[in-house]
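In the working numbering, the protein residues as written are 465 to 798. Glycine included, every Cβ here is placed at the ideal spot set by N, Cα and C.
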Amino acid sequence: MLDLERLRALHSVATYGSVSAAADVLHVTTSAVSQQLAKLERETGQKLLERHGRGVRLTDAAELLVEHAENILSLVERAQADLEAHRGAVVGRLTVAAFATAVRGLVPGALRGLAVDHPDLRVQVREADPMQSMPLVARGDLDMAVVQDWNNQPLPLPEGLQKGLIGDDVADVALPPGHPLADRAEISLREVAGDPWISSSPDSICCDWLIHTLRSFDSEPRIVHMAYEIPTQLALVAAGLGNTILPRLGRTGTPTEVAVVAVRPQMVRRVYAVWREEAARRPAIRAVLTALRASAATVLGPTALIGRDVPADALALTGAAHHAPRPSEAPAVS
465 MLDLERLRAL
475 HSVATYGSVS
485 AAADVLHVTT
495 SAVSQQLAKL
505 ERETGQKLLE
515 RHGRGVRLTD
525 AAELLVEHAE
535 NILSLVERAQ
545 ADLEAHRGAV
555 VGRLTVAAFA
565 TAVRGLVPGA
575 LRGLAVDHPD
585 LRVQVREADP
595 MQSMPLVARG
605 DLDMAVVQDW
615 NNQPLPLPEG
625 LQKGLIGDDV
635 ADVALPPGHP
645 LADRAEISLR
655 EVAGDPWISS
665 SPDSICCDWL
675 IHTLRSFDSE
685 PRIVHMAYEI
695 PTQLALVAAG
705 LGNTILPRLG
715 RTGTPTEVAV
725 VAVRPQMVRR
735 VYAVWREEAA
745 RRPAIRAVLT
755 ALRASAATVL
765 GPTALIGRDV
775 PADALALTGA
785 AHHAPRPSEA
795 PAVS
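Listed below in structure tokens is the structure:
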């Protein structure tokens with residue numbers, strides 16, 4: 465009988481292109497992955513990998529086995545979800561990725577609540593931008609990701625994933641000392657579109673959004689510095705080097721010399737959790753989403769929560785949506 469962990473190792477090599485990349489995703493050593501594959505070759509009586517330059521490539525037999533492995537692993541996940549739903553118990557292990565300000569602002573409160581309400585659930589968290597985390601959820605390497613999009617640039621939902629709204633995070637503009645608009649109560653983003661900007665790293669959703677938004681004002685973005693962490697961006701703003709976008713989830717320890725000014729029309733990023741369709745019936749998915757929303761109500765205020773509680777069998781209502789809903793359309797997902 466084929467061993468599931470060995471199939472998972474082969475599937476990861478096929479997905480990520482190398483033994484070392486598969487080991488990183490599986491959180492094991494390259495030696496452990498190689499051993500699993502060697503045992504799988506003995507079980508099947510087929511050669512599965514062959515040398516290709518400095519790396520390896522899958523043989524025809526391995527490609528055939530990978531196709532079956534995708535179906536097998538999906539069925540196993542569905543069976544696990546059905547068993548957990550039948551028991552109605554929030555148990556097991558869940559791996560969750562979240563973007564930086566969500567890890568700092570939302571996740572700690574959610575984990576604290578889960579530890580009290582569901583002590584038999586083990587949640588492991590890692591920090592990742594939505595551009596990295598959503599493919600990992602789709603491939604089965606993560607159970608859930610906390611992601612974001614903006615009201616003027618919705619985030620497409622990959623096939624096979626479902627999502628639930630956590631809350632809305634309003635963003636303001638942080639201006640450097642002496643900026644001519646620093647004493648205003650609110651401004652239009654158009655008024656500062658031509659200024660120098662400090663943004664997150666170029667592979668992040670926030671950087672893409674900023675470039676897209678500034679170009680909508682017929683202004684070619686002047687991004688003079690890039691830093692992934694918001695405290696670093698604010699330090700550069702405090703030094704007078706440019707403006708930055710400041711979501712309210714990231715507003716901790718803002719330097720006193722930085723002016724935080726509201727923007728009209730309001731800039732809003734919507735925070736979601738995403739998971740695979742096969743896992744939708746797991747009580748653990750519902751529990752983590754509920755805990756994240758409770759944390760959002762505490763951090764962002766109750767108006768940040770737009771959805772409402774619904775029965776567990778309605779968890780998949782947003783699965784077909786490929787756009788971010790407006791507040792009046794917000795999915796009633798719990």
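Nonlocal neighbours in the same chain, by C-beta distance under 7 angstroms from residue i, ignoring five residues either side
{"i": "residue 623", "result": "none"}
{"i": "residue 469", "result": "500"}
{"i": "residue 786", "result": "Its pLDDT being 35, under 50, residue 786 is placed unreliably by the model, and the measurement read from it follows with that caveat. Excluding positions up to five away in sequence, the list reads 620 and 621."}
{"i": "residue 494", "result": "483, 484 and 487"}
{"i": "residue 587", "result": "558, 560, 575, 578 and 752"}
{"i": "residue 567", "result": "589 and 591"}
{"i": "residue 730", "result": "634"}
Candidates the options, of which the one nearest residue i by Cα
{"i": "residue 691", "options": "642, 678, 705 and 679", "result": "705"}
{"i": "residue 718", "options": "736, 694 and 685", "result": "694"}
{"i": "residue 703", "options": "739, 488, 723 and 485", "result": "723"}
{"i": "residue 681", "options": "662, 656, 640 and 699", "result": "656"}
{"i": "residue 734", "options": "512, 515, 687 and 673", "result": "673"}
{"i": "residue 728", "options": "761, 641 and 635", "result": "635"}
{"i": "residue 611", "options": "582, 671 and 593", "result": "593"}
{"i": "residue 649", "options": "522, 726, 523 and 473", "result": "726"}
{"i": "residue 720", "options": "639, 658, 731 and 651", "result": "639"}
{"i": "residue 554", "options": "532, 632, 575 and 581", "result": "581"}
{"i": "residue 521", "options": "483, 596 and 618", "result": "483"}
{"i": "residue 532", "options": "480, 587 and 475", "result": "475"}
{"i": "residue 537", "options": "472, 710 and 629", "result": "472"}
{"i": "residue 762", "options": "730, 613 and 713", "result": "713"}
{"i": "residue 764", "options": "587, 684 and 565", "result": "565"}
{"i": "residue 670", "options": "588, 736, 627 and 595", "result": "595"}
{"i": "residue 477", "options": "626, 651, 530 and 563", "result": "530"}
{"i": "residue 625", "options": "641, 606, 615 and 614", "result": "606"}
{"i": "residue 591", "options": "563, 614 and 730", "result": "563"}
{"i": "residue 740", "options": "542, 614, 613 and 515", "result": "542"}
{"i": "residue 750", "options": "641, 675, 629 and 679", "result": "629"}
{"i": "residue 616", "options": "641, 492, 685 and 679", "result": "679"}
Same chain, Cβ closer than 8 angstroms to residue i, five either side skipped, listed in chain order
{"i": "residue 577", "result": "755, 758 and 759"}
{"i": "residue 662", "result": "687, 688, 689, 690, 691, 697, 700, 701, 705, 706, 707 and 708"}
{"i": "residue 535", "result": "none"}
{"i": "residue 523", "result": "510, 511, 512, 513 and 514"}
{"i": "residue 651", "result": "637, 645, 725, 726, 727 and 728"}
Test: residue i CB closer than 9 angstroms to a CB of chain D
{"i": "residue 639", "result": "The structure shown contains no chain D, having only a single protein chain."}
Bounding residues of the alpha helix (DSSP H) (the contiguous stretch that carries residue i)
{"i": "residue 592", "result": "Note, residue 592: premise wrong, no alpha helix (DSSP H); not H, not E."}
{"i": "residue 764", "result": "747-764"}
{"i": "residue 572", "result": "571-581"}
{"i": "residue 702", "result": "694-702"}
{"i": "residue 490", "result": "483-490"}
{"i": "residue 496", "result": "494-508"}
{"i": "residue 678", "result": "669-679"}
Whole-number beta carbon distance between residue j and residue i, since they are thought to touch under 8 angstroms
{"i": "residue 527", "j": "residue 466", "result": "16 angstroms between Cβ atoms; not a contact."}
{"i": "residue 608", "j": "residue 558", "result": "6 angstroms"}
{"i": "residue 732", "j": "residue 632", "result": "5 angstroms"}
{"i": "residue 512", "j": "residue 501", "result": "6 angstroms"}
{"i": "residue 600", "j": "residue 561", "result": "7 angstroms"}
{"i": "residue 637", "j": "residue 710", "result": "7 angstroms"}
{"i": "residue 737", "j": "residue 627", "result": "7 angstroms"}
Bounding residues of the beta strand (DSSP E) (the contiguous stretch that carries residue i)
{"i": "residue 514", "result": "513-516"}
{"i": "residue 612", "result": "608-614"}
{"i": "residue 689", "result": "686-690"}
Beta-carbon proximity list for residue i, same chain, < 6 angstroms, skipping 5 on both sides
{"i": "residue 677", "result": "none"}
{"i": "residue 479", "result": "603"}
{"i": "residue 653", "result": "727"}
{"i": "residue 464", "result": "The displayed coordinates of the chain run from 465 to 798. Any statement about residue 464 would go beyond what the structure contains."}
{"i": "residue 481", "result": "none"}
{"i": "residue 510", "result": "525"}
{"i": "residue 519", "result": "482"}
{"i": "residue 614", "result": "673 and 733"}
Problem - Any 3 or more C-beta pairs closer than 8 angstroms across the region 740-749 and the region 651-670 - result: The region 740-749 makes no contact with the region 651-670, as fewer than three CB pairs between them are under 8 angstroms.
Exercise for the section: State whether the region 559-571 contacts the region 635-647, with contact taken as three or more CB pairs (one from each stretch) at a distance under 8 angstroms. Expected result: Result no; under three Cβ-Cβ pairs closer than 8 angstroms.
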